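K.L.:
Just passing along the structure, written as structure tokens.
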Amino acid sequence: MAVQQTISVDLGDRSYPIVIGRGLLDGGFDLGEFVSGTDCLIVSNEVVAPLYLDRVLSSLNGKNVTTIELPDGEIHKTLATMQEILDQLVDSRANRDTTVIALGGGVVGDMAGFAAACYMRGVAFIQVPTTLLAQVDSSVGGKTGVNHPEGKNLIGVFHQPQVVMIDTDTLGTLPDRELKAGLAEVIKYGVICDVEFFAWLEANMQALLDKEPAALAYAIRRSCELKAEIVAEDERESGCRAILNFGHTFGHAIEHCLGYGEWLHGEAVAAGMVMASELSAVSESDRTRFRALVAAADLPVTPPAIDPADWLSAMGMDKKVRQKKLRFVLLKALGDAFITSSFDADHLQRILGAD
Ligand SMILES: NC(=O)c1ccc[n+]([C@@H]2O[C@H](COP(=O)([O-])OP(=O)(O)OC[C@H]3O[C@@H](n4cnc5c(N)ncnc54)[C@H](O)[C@@H]3O)[C@@H](O)[C@H]2O)c1
Ligand SMILES: [Zn+2]
8 MAVQQTISVD LGDRSYPIVI GRGLLDGGFD LGEFVSGTDC LIVSNEVVAP
58 LYLDRVLSSL NGKNVTTIEL PDGEIHKTLA TMQEILDQLV DSRANRDTTV
108 IALGGGVVGD MAGFAAACYM RGVAFIQVPT TLLAQVDSSV GGKTGVNHPE
158 GKNLIGVFHQ PQVVMIDTDT LGTLPDRELK AGLAEVIKYG VICDVEFFAW
208 LEANMQALLD KEPAALAYAI RRSCELKAEI VAEDERESGC RAILNFGHTF
258 GHAIEHCLGY GEWLHGEAVA AGMVMASELS AVSESDRTRF RALVAAADLP
308 VTPPAIDPAD WLSAMGMDKK VRQKKLRFVL LKALGDAFIT SSFDADHLQR
358 ILGAD
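Each residue of the sequence shown is one higher than the one before, starting from 8 at the first, in our numbering.
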């Protein structure tokens, strides 16, 4: 018996449900109900398709389904790969009623969503996320896109899905390192906007690392609820949605300076969040609690060695762009983040090892 919970992302006529449960891919959920026409294209990759494609196909009984398997990895999140998806849509004579279904992690979801947004100026799109990061973050909120050689996610659009179907059983095959990287974003929700959730994470981190189903289900549900609330308030990130970038200015700089892929995004964000907490005017005990939770998730609490000049340039603070006002997401306390462009610049220099 599949046990499932549903959260709604309230965006007027673009509202959609996030369905979370076990066994959803084993007959517990009728995905076909969300496919309005008869045709769909499932976009997956060479790692995830062998594990889960059959089950998605059987939940689409009676539909006319084509599939495409992309190569695995962030380096393939490019316009060239997106072209392959579009070619497949054209080859299969897809029309405006075709639904694109993403089966995989954030890389697959971002590209499938972007292709769905562009094909015939936009066709329907469904997310079936299979990494923890995709289940708590990238599949919710409608950001889609690909990388440009000069920067991550430089090309993309907003395109909301019809439904996000999260079968938590898929995490059973996820490598531990990927699971922990996803936990960084889970911790982020607690620290930016829900101190009770933060305390729950302190009490349940080991259960999450052990992939205990009830703990995972709760962490995913609460993360999705919090993201859904923020997205409903500010769909296009003109205001409060930016608090979801807590730790990301530092984290992106780490990823950029080390070369993408050296540290996983969640690992870089974990160290970046600890740096952001250091820059925040919070109590020493809050700071210690935060660092301890990141460490309990077996995530890095200190950044790698990076030359201070490289830090500044990666964060857009080198001399060439110094007139640009840098904004940070900082904490007032655990569970209470805000966006500001006023911060202690000397303190920042010390955090970056630049004084
Ligand atoms: N759209 C957004 O709002 C948003 C938010 C955050 C991140 N992102 C994007 O998401 C991407 C990162 O996503 P990710 O962390 O899911 O990485 P990913 O998609 O590369 O997946 C990580 C690895 O796990 C494999 N995998 C996926 N599901 C699996 C499973 N169930 N069992 C075994 N292996 C599995 C993948 O093939 C891959 O090798 C980045 O490109 C990032 O820019 C987008
Ligand atoms: Zn992130």
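C-beta atoms are modelled at their ideal positions from N, C-alpha and C, and glycine is treated no differently.
Note that the structure is a prediction, hence the values are computed from the model and not measured.
Note down the Cα distance separating PRO307 from ILE82, rounded to an integer number of angstroms.
P.N.:
As a first step, residue 307 is located in the sequence shown; it is residue number 300 there, counting from the start. As a first step, residue 82 is located in the sequence shown; it is residue number 75 there, counting from the start. Taking the straight line from one Cα to the other gives about 23 Å.
K.L.:
Over the uninterrupted beta strand (DSSP E) stretch that includes GLU76, give me the two end residues.
P.N.:
In the sequence shown, residue 76 corresponds to position 69, counting from 1. That run of the beta strand (DSSP E) goes 71–77.
K.L.:
Which runs of the beta strand (DSSP E) at least 3 residues long sit entirely within the segment 56–123? Give them in chain order.
P.N.:
The segment 56–123 contains these whole beta strand (DSSP E) runs: 71–77 and 106–111.
K.L.:
Are the Cβ atoms of THR74 and ASP117 separated by less than 7 Å?
P.N.:
On the sequence shown, residue 74 is found 67 positions in, with the first residue counted as 1. On the sequence shown, residue 117 is found 110 positions in, with the first residue counted as 1. Not a contact, by the Cβ cut-off of 7 Å.
K.L.:
Write down the C-beta distance between VAL147 and CYS231 rounded to the nearest angstrom, noting that I regard them as a contact closer than 8 Å.
P.N.:
Position 140 of the sequence shown holds residue 147. Position 224 of the sequence shown holds residue 231. 6 Å between Cβ atoms; contact.
K.L.:
Quick one: what does DSSP say MET322 is sitting in, helix, strand or coil?
P.N.:
The residue given as residue 322 occupies position 315 in the sequence shown. DSSP places MET322 in coil when its eight states are reduced to three.
K.L.:
Does the distance from the C-beta atom of PHE297 to that of SER284 stay below 7 Å?
P.N.:
In the sequence shown, the residue the question calls residue 297 occupies position 290. In the sequence shown, the residue the question calls residue 284 occupies position 277. Result yes, Cβ atoms of PHE297 and SER284 sit closer than 7 Å.
K.L.:
Ordered along the chain, which non-local residues of its own chain (more than five positions away) have a Cβ less than 6 Å from that of VAL336?
P.N.:
As a first step, residue 336 must be located in the sequence shown, where it is residue number 329. Only ILE250, ASN252, PHE253, ALA344 and ILE346 meet the Cβ criterion.
K.L.:
Alpha carbon to alpha carbon, what distance is there between GLY360 and TRP318?
P.N.:
Stepping through the sequence shown from its first residue, residue 318 is reached at position 311. Stepping through the sequence shown from its first residue, residue 360 is reached at position 353. Distance between the alpha carbons of TRP318 and GLY360: 9 Å.
K.L.:
Run through DSSP, which three-state label would SER43 get?
P.N.:
Taking the sequence shown and counting its residues from 1, one reaches residue 43 at position 36. Here SER43 sits in coil by DSSP.
K.L.:
Could you pull out every residue in the same chain whose Cβ sits closer than 8 Å to the Cβ of ARG329, ignoring the five residues on either side in sequence?
P.N.:
Numbered from its first residue, the sequence shown carries residue 329 at position 322. Caution is warranted here: a pLDDT of 47 is assigned to ARG329, below 50, making its placement in the model unreliable, and the coordinate value is therefore given only provisionally. Once the five neighbours on either side are set aside, ARG329 has no close Cβ partner at all.
K.L.:
Quick one: what's ASP293 bridged to in DSSP?
P.N.:
Taking the first residue of the sequence shown as position 1, residue 293 is located at position 286. Its beta-bridge partners do not exist; DSSP assigns none.
K.L.:
Taking 6 Å as the line, does the beta carbon of THR180 fall inside it for any heavy atom of ligand 1?
P.N.:
One-based indexing of the sequence shown puts residue 180 at position 173. Answer for THR180: yes, Cβ within range of ligand 1.
K.L.:
Apart from the five residues on each side of it in sequence, which residues of its chain come closer than 7 Å, Cβ to Cβ, to THR45?
P.N.:
Position 38 of the sequence shown, counted from the first residue, corresponds to residue 45. Contacts found: LYS70 and ASN71.
K.L.:
From the DSSP output, read off the bridge partner residues of MET172.
P.N.:
Numbered from its first residue, the sequence shown carries residue 172 at position 165. In DSSP, MET172 forms a bridge with VAL26.
K.L.:
Return helix, strand or coil for GLY273, following the three-state DSSP convention.
P.N.:
Start at 1 with the first residue of the sequence shown, and residue 273 comes out as number 266. Helix at GLY273.
K.L.:
Here's a check: name, in chain order, each residue in its chain whose Cβ is nearer than 6 Å to the Cβ of LEU186, leaving out the five neighbours to either side.
P.N.:
Against the sequence shown, residue 186 aligns to sequence position 179. Closer than 6 Å at Cβ, skipping near neighbours: LEU139.
K.L.:
Considering only residues of the same chain and omitting the five flanking positions on each side of MET8, which have a CB-CB separation below 6 Å?
P.N.:
The residue given as residue 8 occupies position 1 in the sequence shown. Residue placement at MET8 cannot be trusted, given a pLDDT of 49 that sits under 50; the coordinates are not used to answer.
K.L.:
Quick one: what's got a C-beta closer than 7 Å to CYS247's C-beta in the same chain, skipping five residues either side?
P.N.:
As a position in the sequence shown, residue 247 is number 240, starting the count at 1. Around CYS247: ILE237, GLU240 and ASP241.
K.L.:
In chain order, which alpha helix (DSSP H) runs of at least 4 residues are fully inside the segment 169–256?
P.N.:
Correct list: 183–200, 202–216 and 220–240.
K.L.:
Assuming VAL276 and ALA141 make a contact with CB atoms under 8 Å, what is their CB distance in whole Å?
P.N.:
Along the sequence shown, one-based indexing puts residue 276 at 269. Along the sequence shown, one-based indexing puts residue 141 at 134. No, VAL276 and ALA141 are not in contact; Cβ-Cβ is about 15 Å, not under 8 Å.
K.L.:
Less than 6 Å separating the Cβ of ALA141 from some heavy atom of ligand 1?
P.N.:
Position 134 of the sequence shown holds residue 141. Checking every heavy atom of ligand 1 against the Cβ of ALA141, one is found closer than 6 Å.
K.L.:
Could you spell out the range, first to last residue, of the alpha helix (DSSP H) harbouring ALA352?
P.N.:
Numbered from its first residue, the sequence shown carries residue 352 at position 345. It spans 352–358 - the alpha helix (DSSP H) in which ALA352 sits, taken as one unbroken run.
K.L.:
Between THR180, MET89 and GLY34, which has its C-alpha nearest LEU58's C-alpha?
P.N.:
The count along the sequence shown starts at 1 and reaches residue 58 at position 51. It is THR180.
K.L.:
Alpha carbons only, please: which of ASP79, LEU48 and VAL143 is nearest the one belonging to ARG229?
P.N.:
Along the sequence shown, read from residue 1 onward, the residue named residue 229 stands at position 222. Of ASP79, LEU48 and VAL143, the residue nearest in Cα terms is VAL143.
K.L.:
Decide if GLN169 is buried, meaning its Cβ has at least 16 other Cβ atoms within 10 Å, or exposed.
P.N.:
Residue numbering aside, residue 169 sits at position 162 when the sequence shown is read from its first letter. GLN169 is buried by the Cβ-count criterion.
K.L.:
Where does the unbroken beta strand (DSSP E) through LEU341 begin, and where does it stop?
P.N.:
Reading the sequence shown from its first residue, position 334 is the one you call residue 341. From DSSP, LEU341 is part of no beta strand (DSSP E); its letter is neither H nor E.
K.L.:
With a threshold of 6 Å (Cβ to nearest heavy atom), would ASN52 be considered close to ligand 1?
P.N.:
Residue 52 sits at position 45 when you count from the first residue of the sequence shown. ASN52: yes, Cβ under 6 Å from ligand 1.
K.L.:
Whose CA, out of THR106, ASN102, GLY28 and ILE162, lies closest to the CA of LEU86?
P.N.:
Along the sequence shown, read from residue 1 onward, the residue named residue 86 stands at position 79. Selected option, being the one with the closest Cα: ILE162.
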